[in-house]
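Under our numbering, the first residue of the sequence shown is numbered 697, with each subsequent residue one higher. The structure under discussion appears below in the form of structure tokens.
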Amino acid sequence: MILGLLFTLTLAGAVLGGAAVAGAQETVRWYGIACSHSRIAVPDGLRCRSTQNYSGGQRGWEADADGTFRNWVAQGSENGSSVFYYLAEATSSGASIMEGASLQKDIRSEMRDGRMTRDFSPLGHRLGADFMTFTSEHGHACIGVRRYGPSQGDGFLWILYGIRCAPLGGTLGPAEVDAFIGSVRVRAA
Numbered sequence: 697m698i699l700g701l702l703f704t705l706t707l708a709g710a711v712l713g714g715a716a717v718a719g720a721q722e723t724v725r726w727y728g729i730a731c732s733h734s735r736i737a738v739p740d741g742l743r744c745r746s747t748q749n750y751s752g753g754q755r756g757w758e759a760d761a762d763g764t765f766r767n768w769v770a771q772g773s774e775n776g777s778s779v780f781y782y783l784a785e786a787t788s789s790g791a792s793i794m795e796g797a798s799l800q801k802d803i804r805s806e807m808r809d810g811r812m813t814r815d816f817s818p819l820g821h822r823l824g825a826d827f828m829t830f831t832s833e834h835g836h837a838c839i840g841v842r843r844y845g846p847s848q849g850d851g852f853l854w855i856l857y858g859i860r861c862a863p864l865g866g867t868l869g870p871a872e873v874d875a876f877i878g879s880v881r882v883r884a885a
């Protein structure tokens, strides 16, 4: 299964972009959930996890004294491709999420051996999201997507990331790229 080769979940202590956990915050705990309860709109058959609402945030996030956050993850296989989604969400009006790094750095932070990812396309913007195509460390054709939620404070209410990698030897043509970009979305609260 290529999923095991491509992704690792090391998000409990860091958010995309290599952000370090801020001091004086609650301990973030991850829980397995039914994907139907996830804020990430994902296809059937994936595995989903979520944190509790917590205070403190991480580097690149800001909040007033009552600011809270929540993270969501979904991963698995869809039609032979590996998929991974990550949502960082501000859950109070006094909090916001800000972009922590370039999309290329965010992708590299989520790949098992991200230093080995290569052949990144220029950053594009399509269907309301940023995206890049790239080749994984094992030679899979992949796409990474970042979609911003509504503005809130100095940042956003949420930022959603998605990665899809074709089976080894497969490609991601324009139709597959557009379909994946369009599928990276958040469910209404």
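Glycine included, C-beta positions come from ideal geometry on N, C-alpha and C.
- Nearest-angstrom Cα separation, counted from Cys731 out to Asp740: By one-based count along the sequence shown, residue 740 stands at place 44. By one-based count along the sequence shown, residue 731 stands at place 35. Roughly 8 Å separates the two Cα atoms.
task = For Glu872, name the three-state secondary structure that DSSP assigns.
result = Sequence index remark: in the sequence shown, residue 872 carries index 176 (1-based). DSSP places Glu872 in helix when its eight states are reduced to three.
Next on the checklist: Tell me the rounded alpha-carbon separation between Ser773 and Leu853.
Outcome noted: Against the sequence shown, residue 773 aligns to sequence position 77. Against the sequence shown, residue 853 aligns to sequence position 157. So the alpha carbons of these two residues sit roughly 28 Å apart.
Exercise for the section: Could you name the residues that DSSP lists as bridge partners for Ser847? Expected result: Sequence index remark: in the sequence shown, residue 847 carries index 151 (1-based). In DSSP, Ser847 forms a bridge with Phe852.
Q. Does DSSP put His834 in a helix, a strand or coil?
A. By one-based count along the sequence shown, residue 834 stands at place 138. Looking at His834 - three-state DSSP - the assignment turns out to be coil, as it is neither helix nor strand.
task: Could you have a look at Glu785 and say whether DSSP puts it in helix, strand or coil?
output: For the purposes of this step, residue 785 is identified with residue 89 of the sequence shown, where counting begins at 1. Of the three classes helix, strand and coil, the one that applies to Glu785 here is strand, per DSSP.
Alpha carbon to alpha carbon, how far is Tyr857 from Val841? Give it in angstroms, no decimals. Against the sequence shown, residue 841 aligns to sequence position 145. Against the sequence shown, residue 857 aligns to sequence position 161. Roughly 5 Å separates the two Cα atoms.
Taking C-beta to C-beta, are Ala770 and Ile793 nearer than 8 Å? What you label residue 770 is simply residue 74 of the sequence shown in a count that begins at 1. What you label residue 793 is simply residue 97 of the sequence shown in a count that begins at 1. The answer is no: Cβ separation not under 8 Å.
Worksheet item: Buried or exposed: His821, going by 16 or more other Cβ atoms within 10 Å of its Cβ?
Response: As a first step, residue 821 must be located in the sequence shown, where it is residue number 125. Exposed.
- Message: At the level of alpha carbons, what is the spacing between Glu744 and Gly728?
- Response: The residue you call residue 744 lines up with position 48 of the sequence shown. The residue you call residue 728 lines up with position 32 of the sequence shown. The sequence shown places Cys at residue 744, not Glu. About 6 Å.
### Task
Taking all protein chains shown into account, decide if Arg883 is buried (16 or more other Cβ within 10 angstroms of its Cβ) or exposed.
In the sequence shown, counting from the first residue as 1, residue 883 sits at position 187. Burial call: exposed.
Output yes or no for whether 8 Å exceeds the beta carbon distance between Ile859 and Gly845. Counting from one through the sequence shown, the residue named residue 859 turns up at place 163. Counting from one through the sequence shown, the residue named residue 845 turns up at place 149. Result no, Cβ atoms of Ile859 and Gly845 do not sit closer than 8 Å.
Output the boundary residues of the beta strand (DSSP E) element that contains Gln771.
Numbered from its first residue, the sequence shown carries residue 771 at position 75. Taken as a continuous stretch (DSSP letters only), the beta strand (DSSP E) holding Gln771 covers Thr764 to Glu774.
Note down the Cα distance separating Gly824 from Arg725, rounded to an integer number of angstroms. Along the sequence shown, read from residue 1 onward, the residue named residue 824 stands at position 128. Along the sequence shown, read from residue 1 onward, the residue named residue 725 stands at position 29. Using only the alpha carbons, I get a separation of about 31 Å.
Item to check | Top-ranked residue by Cα proximity to Pro818, from Gln800, Ser832, Met812 and His834 | outcome: Taking the first residue of the sequence shown as position 1, residue 818 is located at position 122. Among Gln800, Ser832, Met812 and His834, the Cα nearest to that of Pro818 belongs to Gln800.
Exercise for review: Within its chain, find whatever has a CB closer than 6 Å to the CB of Arg766; leave out the 5 residues flanking it on each side and keep chain order.
Suggested key: Start at 1 with the first residue of the sequence shown, and residue 766 comes out as number 70. Counting only Cβ-Cβ distances below 6 Å, and skipping sequence neighbours, we find Thr747, Asn749, Glu785 and Thr787.
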